[in-house]
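Student:
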Amino acid sequence: GYDVAVGGGYGADAHIGRVLREKVRAEEAPALVIHMLEAWLMQRSVPTETFAAFANRHDVATLQTLLMPTGNAA
Numbered sequence: 027g028y029d030v031a032v033g034g035g036y037g038a039d040a041h042i043g044r045v046l047r048e049k050v051r052a053e054e055a056p057a058l059v060i061h062m063l064e065a066w067l068m069q070r071s072v073p074t075e076t077f078a079a080f081a082n083r084h085d086v087a088t089l090q091t092l093l094m095p096t097g098n099a100a
């Protein structure tokens, strides 16, 4: 299984990503990632906002609400 972490950065913006969900079964991971990316595309502030910038802009609880399929928050 996997722990799903988002955000983080490198260089001048270096910091560690934050865990959104733990113990994701391998067979569930692809669908979860697709859902997260589709949610980001619909909710980013501007078309050029990266996923990392989006994730860093929100706290973990908000990201779980915005990105996790219903009933699958950590």
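27 is the number of the first residue of the sequence shown in this note's numbering; add one for each residue after it. All residues carry an ideal CB built from backbone N, CA and C; glycine is no exception.
(1) Quick test of your reading: L63 and V50, contact by CB under 8 Å. State the CB separation rounded to the nearest angstrom.
(2) Determine the DSSP secondary structure at A99, reduced to helix, strand or coil.
(3) A81: buried (16+ other C-beta within 10 angstroms of its C-beta) or exposed?
(4) Considering only their Cβ atoms, is the gap separating V30 from R44 smaller than 7 Å?
(5) Please state whether the Cβ-Cβ distance between L93 and A65 is less than 7 Å.
Tutor: Inspection of the coordinates gives the following:
(1) Position 37 of the sequence shown, counting from 1, holds the residue named residue 63. Position 24 of the sequence shown, counting from 1, holds the residue named residue 50. The Cβ separation is near 15 Å, so there is no contact.
(2) Here residue 99 corresponds to residue number 73 of the sequence shown, with the count starting at 1. Because the pLDDT at A99 is just 49, under 50, the model does not fix this residue reliably, and the point stays unresolved.
(3) The residue labelled residue 81 in the question sits at position 55 within the sequence shown. A81 comes out buried.
(4) The count along the sequence shown starts at 1 and reaches residue 44 at position 18. The count along the sequence shown starts at 1 and reaches residue 30 at position 4. Not closer than 7 Å, so no.
(5) Against the sequence shown, residue 93 aligns to sequence position 67. Against the sequence shown, residue 65 aligns to sequence position 39. The answer is yes: Cβ separation under 7 Å.
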